[in-house]
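**Student:**
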Amino acid sequence: MPENWPISLSLLTATLCFISALVLAFMRLRENKLAYRIIELGALILATSINCALIIFQISDNNNWLPLQSHMDGLIIMLTVLSLAMLYTRLTNRLKGFDLFALVFLSLLSLWGFCSSWWTFKPFMSLNIGNTWLIFHLSSVYLAAMGSTIAATAGCLYLFTQRQMIRQDNKHQRLKILGKLASLETIERTMIYTASFGFLWTSLALITGFIMLSHDQNISHWLSPKPILAICLWLIYALIMHVKFAPSFRGRRAAILSLLSFIIMIALFGLARTLEQDHEKVSQRQNTVIQH
C-alpha cells in the first residue's frame, strides 16, 4: 500500500461520486425527476468538497508544499477548478447540458488521479521554489489542459445536440431533450473561448519548454514526439479560435478538433512520463559506469 493511501482512497471516492452523478445526469435527461436532480447535485458537491479538502490537506501537511509537486497535484487542482466551474453552470443554468459531458471528463480525470497516486506517484524532478522556469512551465501546461478539457466537453455537447436535431425518430422525446440543452451557437462560442484560453497557455508552455530545452545539447530532444505534439496542439487551438473566419472549420469540425486536442493532451502527459523514466534510466546507467 502506498504512503499516500488516504489521498488515493479519497480520489477513488471522488471518482465514484463523479460516476454516480454522470449516471444520474443521463437518467435526468430522459426523465426529469426531482430525486435525480438532488442526488446528482449532492454527489457532485461531495466530489468537489473532497478535492478541495485534498488541496487543504496537502498545504497543511507540508510547510514547503508547492502547487505542482507531482502530476497527482496537478490533476487534483484541475478537478477542483473544473468541478467548481461545472457546479456554477449547473446552478446558474448558463450552459444547459454542459454537466452531462463534463462529468464524463471529470470521472476520467479523477480515475487518472487515483491511478497516478496509487501506482505511479512520483514527484517532478528538480521542482523547487528557485526553479522558476519549471514552475511556470508546469502551471502553463495544466492551465492549457483545463482549456482542452472544457473545449472537448463543449465539443461532445455540440455533437450530441446536433445529433438530436437531425434525427428523425422519436420526435417528441428529442424535443424534450433539446429543451434541456444549450443552442449550437452558444456551445460553439464556448469552444472558441476555451480554445483561446488553451492557445494562450499552450503558447506559454511551448516558450518555457523551449527555453529549458535550449540548455540541452542533445538535438534528439528537440525532435522528440513531445514538442512536435505540443506544436500540433497549438495549431489546433489556433484553428478553433478562428473558425468564425474559416467557415469550413465551423460547427462539427470544430467540435471534432476540440476532442482531438484533448486526445493530444493525454498523449503529451503520457510522453512526458515516458521520457522522464527514460532519462532516469540513462542517469542510473551513467552513475553505474562512473562507480565501476
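Position one of the sequence shown corresponds to residue 783 (my numbering), numbered consecutively onward. For each residue, glycine too, the CB sits at the ideal point set by N, CA and C. Please read all numbers here as calculations on a predicted model, not as lab measurements.
1. Compute the distance between the beta-carbons of Ser930 and Ser1043, then report whether it is under 7 Å.
2. Report the residue from Phe1051, Ile969, Ile1018 and Asn833 whose alpha carbon sits nearest the alpha carbon of Leu888.
3. Assign Ala807 to one of two classes, buried (16 or more other C-beta atoms within 10 Å of its C-beta) or exposed (fewer than that).
4. Among Met973, Leu836 and His954, which one has its Cα closest to the Cα of Phe880?
5. Taking Thr976 as part of the alpha helix (DSSP H), name the residues at either end of that continuous run.
6. According to the Cβ coordinates, are Met860 and Tyr924 closer than 7 Å?
7. For Phe808, report the span of its alpha helix (DSSP H) as first-last.
8. Looking only at its own chain, which residues have a Cβ that is under 8 Å from the Cβ of Ala825, when we skip the five neighbours before and after it?
9. Helix, strand or coil: how does DSSP classify Gly1052 here?
10. Taking three-plus beta-carbon pairs below 8 Å as touching, is the segment 930-942 in contact with the segment 976-984?
11. Would you report the Cα separation of Trp915 and Thr990, rounded to the nearest angstrom?
**Tutor:** Answer, in terms of the structure:
1. yes
2. Asn833
3. buried
4. Met973
5. Leu966 to Leu995
6. yes
7. Trp787 to Arg812
8. Cys799, Phe800, Ser802, Ala803 and Leu806
9. helix
10. yes
11. 6 Å
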